[in-house]
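J.: Take a look at the following structure, please.
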Amino acid sequence: MFTGIVQGTAPIIEVTERANFRTHVMKFTPELLVGLETGASVAHNGCCLTVTEIDGDKVSFDLIKETLRLTNLGELQVGDVVNIERAAKYGDEIGGHVVSGHIITTAEISKIFTSEDNHQVWLSIYDKSLMKYILHKGFVAIDGISLTVGDVINNRFCVHLIPETLSRTTLGKKSLGHKVNIEIDPQTQAIVDTVERVLLQKEQEKKSHKAAVQGEEN
């Protein structure tokens, strides 16, 4: 479990690539290394990965086919920087919202509006069917960052970034066309799916009742 509060960034210093499989070696800061062990969970741009090896400040992670398919991690190269969050512990402050580290889709940055103290980013979701989970003032995790949804229009939505977010994460360095990882709020997904299921069940019951009545009349 994660909180969507990025604790730092780390560069990729080595990539080993095979068919539908990758290994990323990252250079962690001393703060990110504290208590880190092989087998621990670490979020990379919001995607939960497992530590496979630790060699000083070099930490290795394996990326399998599904991770490469659903996230932006497979497009990264040596020198690219990712947002890092260590797994939350019981009792930790949840400064953002509960995040699983399971990326559901990606989105493309379609517009950026900046002013002295404001930074508004518009994103277009690749899978339009998932927009039902993106609600005005709801939660969404973008590259592992817990953010509040602003306006929602068709398959696009926006978020507003404060200077602290821009300085602590990679989002401030993103430009038009960049792909980012999206994790929707699991509570929102559960509510929307439940409502849809109940409405569908009621509609089916209504149709069954109507068919039964017509059968009796005939």
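If you want this note's numbering, it's the 1-based position in the sequence shown plus 1473.
Glycine is no exception: its CB is placed at the ideal position from the N, C-alpha and C atoms.
Every value quoted in this text rests on a predicted model; they were computed, and no experiment measured them.
At a cut of 8 Å, does the segment 1565–1579 reach the segment 1475–1485 through at least three beta carbon pairs?
T.: yes
J.: Take the Cβ of S1602 as the centre, count every other Cβ of all protein chains shown within 10 Å, and call the residue buried at 16 or more, exposed below.
T.: exposed
J.: Three or more beta-carbon pairs under 8 Å between the segment 1592–1601 and the segment 1621–1636, yes or no?
T.: yes
J.: G1650: which of T1621, I1527 and T1579 sits nearest, CA to CA?
T.: T1579
J.: Would E1558 be called buried (16 or more neighbouring beta carbons within 10 Å of its own) or exposed?
T.: Label assigned to E1558: buried.
J.: Give the single residue among G1519, V1515 and V1554 whose Cα lies nearest to the Cα of K1562.
T.: With distances taken between Cα atoms, K1562 lies closest to V1515.
J.: I want to know whether the segment 1519–1532 touches the segment 1495–1510 - three or more CB-CB distances under 8 Å.
T.: yes
J.: Does DSSP classify S1619 as helix, strand or coil?
T.: strand
J.: According to DSSP, is I1478 part of a helix, a strand, or is it coil?
T.: In this structure, I1478 counts as coil in the three-state DSSP scheme.
J.: So N1556 and I1635 are in contact, right, with Cβ under 8 Å, and what is the actual spacing, rounded?
T.: Wrong, their Cβ atoms sit about 16 Å apart, outside the cutoff.
J.: State yes or no: is the C-beta of D1616 within less than 9 Å of the C-beta of T1642?
T.: yes
J.: Return the residue from the list C1520, L1546 and N1654 that minimises the CA-CA distance to I1582.
T.: N1654
J.: Let's see if you can read the secondary structure: which residues bound the beta strand (DSSP E) around E1548?
T.: Looking at the DSSP string, E1548 is not in any beta strand (DSSP E), and its letter there is neither H nor E.
J.: Could you check whether V1498 and E1487 sit closer than 9 Å to each other, using their CB atoms as the reference points?
T.: yes
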